[in-house]
Structure formats: C-alpha cells, structure tokens
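From first to last, the protein sequence lines are chains A and B. In this text, residue positions in the first sequence follow the UniProt record's numbering: the first is 1, and each later residue adds one. In this text, residue positions in the second sequence follow the UniProt record's numbering: the first is 1, and each later residue adds one. Positions of the beta carbon are idealized from the N, C-alpha and C atoms, including for glycine. Report on the structure given below.
There are 2 protein chains.
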Amino acid sequence: MEPRNLTLLTDLYELTMMQGYFREKDANETVIFDAFYRTNPDGNAFSICAGLEQVIDYVKNLHFDDADIEYLRGLGIFDEDFLEYLHNFKFSGDIYAIPEGTVVFPREPLVKVIAPIMEAQLVETAILNIINHQSLIATKTSRIVFAARGDGIMEFGLRRAQGADAGTYGARAAMIAGCIGTSNVLAGKLFDVPVKGTHAHSWIMSFPDELTAFRAYAKLYPSACILLADTYDTLGSGVPNAIRVFQEMRDAGIPLTFYGIRLDSGDLAYISKKARKMLDDAGFPDAVISASNDLDEYLIDSLKIQGAAITSWGVGTNLITSKDCPSFGGVYKLAAIMDRHTGKFIPKIKLSENTEKVTNPGNKTIQRIYDKETGKIIADLICLVDEEFDEKNSLLLFDPIETWKKTHLAPGTYTMRELLVPIFKNGECVYESPKVMDIREYCKKEQETLWDESRRLVNPHEIHVDLSNELWHMKAQLLDSYHYTSN
Amino acid sequence: MEPRNLTLLTDLYELTMMQGYFREKDANETVIFDAFYRTNPDGNAFSICAGLEQVIDYVKNLHFDDADIEYLRGLGIFDEDFLEYLHNFKFSGDIYAIPEGTVVFPREPLVKVIAPIMEAQLVETAILNIINHQSLIATKTSRIVFAARGDGIMEFGLRRAQGADAGTYGARAAMIAGCIGTSNVLAGKLFDVPVKGTHAHSWIMSFPDELTAFRAYAKLYPSACILLADTYDTLGSGVPNAIRVFQEMRDAGIPLTFYGIRLDSGDLAYISKKARKMLDDAGFPDAVISASNDLDEYLIDSLKIQGAAITSWGVGTNLITSKDCPSFGGVYKLAAIMDRHTGKFIPKIKLSENTEKVTNPGNKTIQRIYDKETGKIIADLICLVDEEFDEKNSLLLFDPIETWKKTHLAPGTYTMRELLVPIFKNGECVYESPKVMDIREYCKKEQETLWDESRRLVNPHEIHVDLSNELWHMKAQLLDSYHYTSN
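So this is what it looks like as structure tokens:
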C-alpha cells in the first residue's frame with residue numbers, strides 16, 4: 001500500500017512556531033524532546049507501548065508536497081522563504097525509542113527526539129497521536145487478556161472504532177498485547193495477523209429458519225463451524241438446532257475439528273452453563289462456547305468467577321475505544337537545548353505547581369533493573385545517557401519525592417537493561433520493526449517480568465520509577481535556580 | 001488526495017457470509033438494511049449525524065484490487081469462483097440517508113441500504129465505523145458548543161485522538177457541530193475549514209526568558225497575537241509580560257486587532273478574572289482571554305456560572321475522544337427481503353427479550369413533524385415509504401410502547417419533512433455533499449429546531465419518536481406470528 005502523506009497531520013502552532021524559529025533563532029539549534037506520559041490508563045500499574053512502526057513510517061515519509069505548500073500559502077501567514085524551506089524539508093535528526101510491546105511506566109521517555117528545533121517541533125503532534133493511540137489500546141487489551149486467564153480474546157471492535165485508523169491500528173495494538181485474532185480484514189492484510197469471524201444475526205434471519213441457516217453455514221465452513229445461537233431463543237432453539245447440525249455432521253462422517261456456538265446476548269453465565277450441559281449431554285464435550293456482547297475485563301473476570309462455561313471471547317467496543325479511559329495522556333516536552341558554542345546540552349525544565357508535572361531535564365535514558373533470580377522487574381531508573389552502571393557494584397535506589405525511602409541492591413543480585421534504542425540517526429532509519437506477531441511474543445514475555453500483584457485489575461502494586469542520583473541533583477539544582485531568578 | 005481503498009475495512013464475517021450467500025442463495029436477492037442507533041451518547045436528547053460524505057467516498061471506491069484478492073486467497077477459506085466475483089465487485093444498490101448535520105433520534109434509520117444481499121452485507125462494517133465515529137464527535141461537540149453560550153470553541157485534540165483518522169475526521173465532525181476552527185492542519189486542508197493555533201510552552205522555554213519569547217512572537221504574528229501566559233507564573237510573570245508586549249506594540253503603532261492571552265493550567269475561574277482586571281487596568285479591555293486544559297461541557301458550563309472571564313475555548317481530549325462516552329452504538333439490521341416472485345419486500349424483524357431492541361421491520365422512512373408557528377420539532381414519525389401524509393389533515397401520534405399516550409395535531413398546525421434522501425441509485429451517486437462549512441450552517445439551524453429544554457446538558461427533555469399506525473400494526477403482527485410459530 002502506498003504510504004500516506006501525513007505531513008500536515010500536525011497542529012497549526014507547530015508550523016507557526018517553526019516559522020518563528022526560522023525567523024528568530026538559529027534554525028539548526030539542536031534540542032531534545034521527550035514523549036512520555038504521566039498516568040497509566042484504567043488505574044493499571046503499567047502500560048504497553050505501541051505504535052513505533054507507524055511513527056517510523058511517518059518520519060520516513062515526511063515531506064511537504066506541492067499541494068501542501070499551496071494550502072499553507074493560502075493561509076496567508078507563512079512567508080515565501082519559509083515555504084521554500086518546508087518544500088525542501090527532510091527530517092535529519094536522531095530518534096530513540098522503547099521497542100513496541102515493552103512494559104512501560106509513567107514519566108519514562110517512550111520516544112526521544114534529538115534534532116534541529118524546527119524538525120523536532122514539527123513531529124510532536126503525529127508522534128503523540130500515534131503512540132497515544134496504540135499504547136492506549138495495547139494497555140487496555142493486556143488487561144482484558146489477563147482477565148481471560150489463558151482463554152483466547154478476539155478483537156471485534158471495528159464498527160465501533162473512532163474511524164478507520166482507530167479500527168485498523170487499534171487491531172494492531174490489540175494483537176501486540178495478546179489477542180489471538182481480529183475481525184478486521186484490512187488489519188489482517190496490513191499486519192499479517194490472524195483474522196476471525198463467523199456470521200451475524202442477519203445470516204440467520206435471511207434464511208427461512210434457524211436450522212436451515214445453521215445447516216447452510218455448516219456445509220460451507222465445516223472446519224470452523226461456530227454457530228450464532230441467540231437470534232431467536234438461545235436455549236429453546238439455538239443450542240438444540242446447533243446440536244442437531246453437529247449430530248448431522250458427525251453422522252455424515254464430517255470431522256468436527258473446530259466447532260461450537262457463539263452467545264451474543266442474555267445472561268452469559270447462566271446460558272453458557274446450560275448450553276455446556278446440553279452440548280456435553282449430546283456428546284459434544286469439545287464444542288467451543290464463545291461469547292461476545294459488550295464485554296470488558298471486569299465482565300470477563302466476573303464471568304470467570306461465576307464459572308461461566310465460555311472459553312473464547314469476542315471483545316469489541318470496550319477494547320477498541322478503551323471505553324473506561326479513551327485517551328492516553330502522552331505529552332512531548334523540551335528537555336534540553338544544545339549550546340552552539342560548547343556543543344553541550346543545556347538541560348531545560350518545565351515547572352508546575354503540581355510536583356508530578358515538573359519535567360525531567362537533560363539527555364536521558366532508562367535503565368530497567370531486574371531481580372537476577374526471578375527475572376522480575378525491581379524498578380526503572382531514569383538517568384542521564386552518559387552515566388555508567390556496573391551490575392557488579394551495589395546500587396542505591398531512592399524515591400525521587402520522598403527521598404528517605406531507599407532500596408539497596410547488593411552486587412550480583414540484579415541485572416540492568418537499557419530501554420531506549422536508536423531508531424533514526426542523522427535522519428536515516430537504523431531500526432527494523434519486528435513483525436506484529438513477533439512483537440506479540442515479545443510483549444507476552446515482557447508481561448511475565450511483572451508480578452501478578454502488578455497485573456491485577458484493581459489497585460495493582462506500582463513499580464518504582466526512580467531518578468539516578470545525578471539526574472535528581474541536576475533537577476533539584478534547576479528547580480532551585482528558577483526560584484532564585486524569579487524572586 | 002488519492003482516495004484510500006478501504007474495501008477490506010470490513011469484518012471477516014461479512015466476507016464469509018457473502019460467500020455463503022453466493023453459494024447457498026440467489027446472490028441477487030434484494031434486501032434492506034437499516035443503520036440506526038438506540039441511545040444518545042452522554043444522556044443527550046438528540047444526536048447530530050455526520051460522516052455521510054466519507055460513506056459516499058467509501059462506496060464509490062469499493063473494489064477488490066489484485067492485492068486484496070491475493071490476500072483473501074491466502075486465507076484458504078474462499079473459493080476461486082467467489083474470488084472472481086469479488087474481483088468484479090461493484091456496488092449496484094440504492095442508499096438513502098439523513099443529510100449530515102441533521103438532528104437525529106434513536107431508532108431512526110440514518111442510512112438505509114437497498115441492495116443485493118451480498119453487497120448490502122459487505123458495506124455494513126465500514127458504514128457503521130464511519131457514521132458511528134463522526135456522529136459521536138459531532139454530538140459531543142454540540143454539547144460543548146452549547147455550554148459555551150456563544151463563545152468560540154476550537155478543536156485542539158489531534159494529539160490525543162485515536163489515530164490519524166480520529167483526529168482528522170473527528171475535526172471534521174467537530175466543525176460540523178459548531179467549532180470555529182481546528183488545530184489540525186490536515187483537516188483544514190482536506191475540508192477547507194479554519195485552522196487555529198498560536199504557540200506551546202516549548203516556544204517560551206526555547207528562549208532565554210518569557211518576555212523575549214513573547215516579543216519574538218508578537219513581532220512575527222502581530223495580527224493574531226495570543227500569548228501563552230502560564231509557562232512560569234501566570235499572574236506573576238505571564239500576564240505582566242504580555243501586557244508589556246501589548247503596550248510596546250501600541251507604542252510602536254502596531255494595530256492590536258486580535259490579541260490576548262491563553263491560560264492552560266491553574267484555577268481558570270480565579271486566574272481569568274484576575275488577568276481580566278490586569279488587562280483592563282492596563283488599557284487592554286479588548287484583549288481576548290482564551291483557555292484550554294482538559295475542558296469539557298461541564299467544566300465550561302461551571303466556569304461560565306462562576307463568571308470566568310474567558311471568551312474563547314480550546315477543547316482537546318474530551319471532545320476528540322468523546323471521553324465520557326467514546327462510542328456511538330450504531331447497528332445495522334436486516335429490515336426486509338424482496339420476494340423474487342412478487343417483487344415486494346417481506347418485512348423482517350429481529351426479536352429480543354428487551355423490547356427496545358426489537359427492530360422495526362419493512363421499507364421505512366422518517367417524517368419530521370414541526371410546530372408550524374415556532375418551527376420547533378414536535379416529534380418524528382417512522383413510517384413505511386409508501387404511506388402518504390397531508391398536512392391539511394389532522395394527525396394522531398401515539399407512543400409505540402404505551403399506546404394510550406396519544407397526541408392529536410390539528411390540521412394546519414404542523415408541517416412535515418421527510419428526512420431520508422436518495423444518495424445512491426442503482427450504484428450511481430445521485431447526491432452532492434455540501435461543503436463542511438455549509439453543513440455547519442445547516443447544523444446550527446437544525447439545533448435551533450430544538451427547545452432549549454432538549455439541549456440542556458443534564459436530564460434534557462426527550463423528543464418522541466413514534467411509529468406510524470401502519471408500521472406499528474405490521475410490527476405487532478410480525479411479533480405475534482413469531483410467537484405462534486415458536487410455540
């Protein structure tokens with residue numbers, strides 16, 4: 001598929017600021033911006049980052065074509081020399097990012113852009129749009145997959161998604177976070193992920209009766225024969241008719257490999273248990289019972305606790321919109337500006353009355369610290385890029401706000417891994433995105449680095465995200481100096 | 001821009017059902033599907049329908065290209081003759097729809113598809129995806145615009161939207177429902193709507209100090225000079241520095257046409273009133289105070305009640321995701337099948353334990369009934385297409401559930417208007433979509449046909465949607481007959 005030109009997918013102020021930098025400053029002044037978020041959606045203890053491949057595609061394809069320039073000229077606020085600059089625009093900076101499918105925590109840079117200020121400013125909106133969306137859906141999906149305790153979750157939300165991209169890239173994020181398939185055929189084609197689905201009520205209604213409709217479906221798709229049982233009366237006609245068709249298939253010698261029913265309404269706990277008994281009694285203990293109908297992680301969890309006889313779940317609206325929390329609050333903040341004389345980065349900080357909203361300055365990276373024995377995450381450490389750590393030394397972690405809360409890690413008890421990896425170097429992409437199904441495998445392993453206490457749906461245990469001693473002092477100093485100058 | 005091929009933007013089951021129809025039935029059997037919704041989002045009394053232009057583009061461009069066919073072949077579930085059929089696929093049916101920007105109510109067909117069953121089935125998912133998304137955002141926006149009591153609302157949500165389309169087509173829907181502009185440049189280009197925006201905190205932070213940053217901005221954009229005042233200390237430095245710059249502009253003889261400040265944090269009621277006084281006292285009573293920061297209709301309403309001195313509002317996340325209710329529950333249901341011998345439509349009904357979920361059968365349209373004197377909506381009447389009404393006769397309306405609740409309209413006291421208009425005839429588009437800004441004007445007039453009691457944010461007065469006598473009896477008969485056969 002032809003890549004879409006999303007260059008104008010930006011807020012107008014990025015362009016007005018760009019022209020401002022072009023006019024007022026050294027346009028090549030190199031800066032660092034961090035894209036990070038402050039709160040996990042849904043009270044979760046972690047998020048799953050996703051969307052990097054689409055960010056890469058976006059940056060690779062960044063260019064203002066003639067029609068874009070013509071449109072901008074028509075706005076009457078841009079000068080010809082600036083439009084000429086845009087016409088020749090190409091991203092020339094560096095980008096670092098955390099690979100897709102990684103478990104991430106608040107305040108960690110998910111994407112770090114080091115580029116001339118005009119370029120770094122332009123890409124803000126699209127990077128946030130893409131990362132916010134896919135990370136949101138991946139995080140929501142991980143909760144739903146967790147609630148299903150090993151059962152398969154199918155992504156069925158396309159018709160309720162917020163537009164075509166929300167459906168398609170939402171399906172991508174859902175696959176990354178553990179869905180076993182999606183109903184979205186375009187997502188299947190674009191990302192080479194399994195597509196799933198059987199039939200709708202309209203199939204049943206378009207035949208003279210339910211039994212005829214079931215028979216027609218079974219004849220066509222005997223090897224994946226899931227019959228929708230609730231069009232008229234689930235236990236009164238749907239399940240008995242399905243059993244009759246399965247019996248006819250068996251009598252005709254057709255192998256029953258993957259078959260069963262789907263429930264899309266009613267009391268799923270009660271009906272699934274009754275249906276299970278009917279199917280078992282009729283000699284079909286391996287018939288699958290799948291369910292859909294406005295499911296989310298809480299309903300699935302509750303149905304599991306009630307002993308519902310459902311082992312396959314189609315989840316639509318609540319997954320594809322992340323209904324309880326439909327936005328991921330990623331922001332993009334200036335962290336440093338390079339001094340053109342020394343070539344060193346001068347750290348920048350954004351103040352706020354709210355301590356949590358004060359940004360972390362400087363050129364940073366993230367070290368993830370694992371317990372050597374279990375492989376579980378102990379904490380993340382946001383630090384400066386030039387800091388060196390040695391797992392053979394002891395490591396002192398402390399809470400960046402309540403600094404008296406300290407943890408001491410003895411040498412040899414922990415391992416470290418740097419999360420940010422190079423994506424673009426001098427405008428050239430140096431990273432190859434894995435296939436979605438490979439990211440899915442990686443994401444599964446990532447989630448296994450969390451204790452179940454951090455995965456539970458309500459009030460999970462939070463993972464510490466600390467600052468290195470050096471970063472903490474740099475930040476404290478900047479905060480102090482600000483108060484001196486403002487008084 | 002090259003139209004995107006969204007043909008595979010569909011659920012897999014649409015294709016498996018299509019193959020089923022192809023194999024098992026007269027593939028040319030003509031059917032009627034209605035796209036409608038059951039509940040207004042956010043407890044609203046109405047919705048604004050939107051997205052029709054994109055539905056038209058989608059249907060016009062429907063075609064399976066070689067790569068699509070190759071992908072489907074690879075799934076191993078479709079036969080060659082069916083793939084051949086898809087390769088030659090072209091939509092050949094009729095579509096009726098309610099024009100974009102119209103006030104609509106639950107259970108009314110927003111889109112009606114009359115087509116061979118295979119075609120009508122295929123388009124289900126994309127039609128719902130598009131209409132659900134844009135109608136959701138238009139409806140949310142109409143609430144926010146209502147809360148602002150005539151102040152301008154700017155759509156600023158792109159970075160938090162659920163992907164590129166959600167940002168771009170969401171901006172389109174927001175403009176339809178009354179926003180005065182969007183920050184999304186791509187939306188501005190695609191839909192010829194005003195784009196708005198000034199600068200971010202990063203602009204301020206990239207200069208040595210706030211005053212220098214303000215001066216640089218004012219120099220560049222003197223005729224639209226809105227300065228972001230909250231980077232360091234809104235009342236302590238932001239507003240005084242802005243005033244200093246405005247004074248410098250005045251002293252230099254630069255006309256202050258559109259200028260002022262933007263507040264993006266803190267207690268907006270308190271700060272805006274203080275800032276207003278400071279601006280007024282300094283001789284800038286016409287300086288605009290605009291605000292952003294996680295606003296929604298309730299916050300704007302509350303700030304208005306508190307007397308906040310804000311007259312321009314930037315609304316992002318909560319608008320572009322419809323945060324309190326991020327999905328519009330549009331569904332697509334079979335309403336009739338043509339008898340191939342008689343050429344007449346046989347009405348079809350979908351039953352449900354929940355009376356509200358029982359569908360309305362038959363080939364229907366909607367008559368909107370207005371009070372002749374005020375032009376306000378009295379009720380909508382869902383009826384069959386061949387029913388005739390005459391405003392010169394009296395009209396009896398009755399509640400379709402509690403049928404003893406009746407309203408009698410005397411001749412000459414009401415007017416009627418049919419809402420569904422032809423969009424496609426025999427596969428050819430017969431409708432020209434108005435420009436977005438024209439739809440916006442129409443939508444404004446549409447909302448004026450509602451009493452304020454139906455527009456208020458909480459517990460609004462609901463408008464009656466009744467069934468015609470003829471449709472009501474057809475439905476009752478179908479319900480009865482179903483119970484006879486199932487017993």
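Rounded to the nearest whole angstrom, the C-alpha separation of Pro361/B and Ala148/A is 38 Å. In the three-state scheme derived from DSSP, where H, G and I count as helix and E and B as strand, His87/B is classed as helix. For Gly152/A, the beta-bridge partners assigned by DSSP are Ser312/A. Contact annotation, Val421/A with Ala97/A: C-beta distance approximately 7 Å; criterion of less than 8 Å satisfied. Listed as beta-bridge partners of Lys425/B by DSSP are Glu428/B. The C-alpha of Ala308/B lies about 9 Å from the C-alpha of Ser302/B. Runs of the alpha helix (DSSP H) lying entirely within the region 18-83 of chain A and spanning at least 4 residues, in chain order: 52-60, 66-74. Taking C-alpha positions only, Tyr482/A is separated from Lys90/A by approximately 36 Å. Residue pairing of Asp209/B in beta bridges, as defined by DSSP: absent, with no partner found. Take Lys344/A, set aside five residues on each side of it, and the residues of its chain with a beta-carbon closer than 8 Å to its own are Met338, in chain order. As DSSP reads the structure, Arg368/A sits in a beta bridge with Asp380/A, Arg417/A. Taking the beta carbon of Ala166/B as reference, the chain A residues within 7 Å of it are Gln162, Gly163, Asp165, Ala166, listed in sequence order. Straight-line measurement puts the Cα of Leu384/B at about 11 Å from the Cα of Ala335/B. Residue-level contact check: Thr141/B does not touch chain A, since none of the beta carbons of chain A fall below 9 Å from its beta carbon.
For the options Arg215/A, Thr231/A, Tyr232/A, Thr234/A, the alpha carbon positioned closest to that of Cys225/A is the one of Arg215/A. If you keep only unbroken alpha helix (DSSP H) runs of at least 4 residues inside the region 184-255 of chain A, you get 185-191, 201-205, 210-220, 239-251. Within the model, the alpha-carbon separation for Thr139/B versus Phe207/A is close to 37 Å. For Tyr37/A, none of the residues of chain B pass the 9 Å Cβ criterion, the least Cβ distance being about 11 Å. In this structure the region 98-115 of chain B does not touch the region 7-22 of chain B; the number of beta carbon pairs closer than 8 Å is below three. By the rule that beta-carbons nearer than 9 Å mark a contact, Gln367/A does not touch chain B. In this structure, the beta-carbon distance from Thr415/B to Lys372/B falls below 9 Å. With the rule of 3 Cβ pairs closer than 8 Å, the region 124-140 of chain A counts as touching the region 7-15 of chain A. Looking at the DSSP output, Ile114/B bridges to Ile32/B, Asp94/B. In this structure, Ala164/A keeps its C-beta atom at 9 Å or more from the C-beta atom of Thr321/A. The alpha carbon of Ala282/A has as its nearest neighbour, out of Arg244/A, Asp251/A, Glu84/A, the alpha carbon of Arg244/A. Contact with chain A is found for Arg159/B, since one of that chain's Cβ atoms lies less than 9 Å from the residue's Cβ. For Leu457/B, the closest of Arg38/B, Phe46/B, Leu12/B, Ser92/B by C-alpha to C-alpha distance is Phe46/B. Contact of Arg244/B with chain A by beta-carbon distance below 8 Å is absent, the smallest such distance being about 16 Å. Take the alpha-carbon of Pro400/A and the one of Trp472/A: they are about 7 Å apart. In the structure shown, Thr407/A falls within a strand segment according to DSSP collapsed to helix, strand and coil. Val111/B has a beta carbon lying at 9 Å or more from every beta carbon in chain A.
Straight-line measurement puts the Cα of Ala161/A at about 15 Å from the Cα of Gln54/B. Chain B has a Cβ within less than 9 Å of the Cβ of Tyr169/A.
Residue pairing by DSSP puts Ser290/A in a beta bridge opposite Arg262/A, Ser312/A. The DSSP-derived three-state label of Thr321/B is coil. In this model, Pro411/A and Leu136/A are separated by some 37 Å (Cα to Cα).
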